[in-house]
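Written below as structure tokens is the structure these notes are about.
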Amino acid sequence: MRLAPSPTSKRSSASSRRGLAASHVLLLVGVATLLFTLTLTRLQLFAVYENERDAVALLERMGRRLDAEHVLSTSPATTVTSEPAPNLRDVVEAAKLSVGNPADAVWLQDGNLLRRRGYLFELSTSASGERFLRAWPWRVGSTGEAAYAFTRKFGLLGHVNRSGSSGVSRSRAVPLWSGPGAAPQLGLGDGEEAWIVLEDSRALALASRMP
Numbered sequence: 000m001r002l003a004p005s006p007t008s009k010r011s012s013a014s015s016r017r018g019l020a021a022s023h024v025l026l027l028v029g030v031a032t033l034l035f036t037l038t039l040t041r042l043q044l045f046a047v048y049e050n051e052r053d054a055v056a057l058l059e060r061m062g063r064r065l066d067a068e069h070v071l072s073t074s075p076a077t078t079v080t081s082e083p084a085p086n087l088r089d090v091v092e093a094a095k096l097s098v099g100n101p102a103d104a105v106w107l108q109d110g111n112l113l114r115r116r117g118y119l120f121e122l123s124t125s126a127s128g129e130r131f132l133r134a135w136p137w138r139v140g141s142t143g144e145a146a147y148a149f150t151r152k153f154g155l156l157g158h159v160n161r162s163g164s165s166g167v168s169r170s171r172a173v174p175l176w177s178g179p180g181a182a183p184q185l186g187l188g189d190g191e192e193a194w195i196v197l198e199d200s201r202a203l204a205l206a207s208r209m210p
């Protein structure tokens, strides 16, 4: 004689199955969320890396061309010409230098500033009077990390663009230069925070070597 399962047992079994199904769903959702987050992070890092590579390549190409056109100098600008320093768009157009299609390159501040693929480019004069090119992220973290410069004396330079980056985690290091209102300056920092000479435009982005 077999006893039929009681209604209470049936309800308990059904509740257990529902509980297991719900836990499986939650587990799958958690795994999917983790994979999505990791994929998004990797895509963001790849985008930043590509922006930096593009910025380095363009800055070096512009620097060498403008140096050949005698736009860059190691002397105070006042001894080179009595006229105001030309803006970047003026010298780029005079040198017949392409900076990309309008979808990638946007001129700001009446041509003094170029925004291209997450980086800003500008022709500037240092405190010592040296005219040089500089490039830095439109927004640190999301469009780029490192800052770059091109001088007649040293060629292509790079900076990790973090204050106090030595001995602290990357998340705690404070960005130095980000956006139109905070452009890089030469001669700041020493040790791991110093400007370093890059071999060529194929050098790895500095952000990939940050701690």
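Taking numbering that gives the first Met the number 0, the leading residue of the sequence shown gets 0, the next gets one more, and so forth.
Note that CB positions come from ideal geometry on N, CA and C, so glycine has one too.
- Taken through DSSP and simplified to helix, strand or coil, S141 comes out as coil.
- In this structure, the beta-carbon distance from R133 to A145 does not fall below 8 Å.
- The beta carbon of D103 sits closer than 8 Å to the beta carbons of R115 and R116 from its chain, once the five residues preceding and following it are set aside; these are given in chain order.
- Taking a 10 Å sphere around the C-beta of N50, we find 16 or more other C-beta atoms and assign the residue as buried.
- Close CB contacts of D66 within its chain, under the 6 Å cut and outside five residues either way in sequence, are with R151 (chain order).
- Taken through DSSP and simplified to helix, strand or coil, G180 comes out as coil.
- Within its own chain, the residues whose Cβ lies closer than 7 Å to the Cβ of P174, once the five positions on either side in sequence are excluded, are V139, N160 and R161, listed in chain order.
- Around the beta carbon of H69, fewer than 16 other beta carbons lie within 10 angstroms, which makes this residue exposed.
- In this structure, V196 sits near L156, with a CB-CB distance shorter than 8 Å.
- For E121, the number of other beta carbons within 10 angstroms of its own is at least 16, and it is reported as buried.
- The Cβ atoms of S123 and A182 lie closer than 8 Å to each other.
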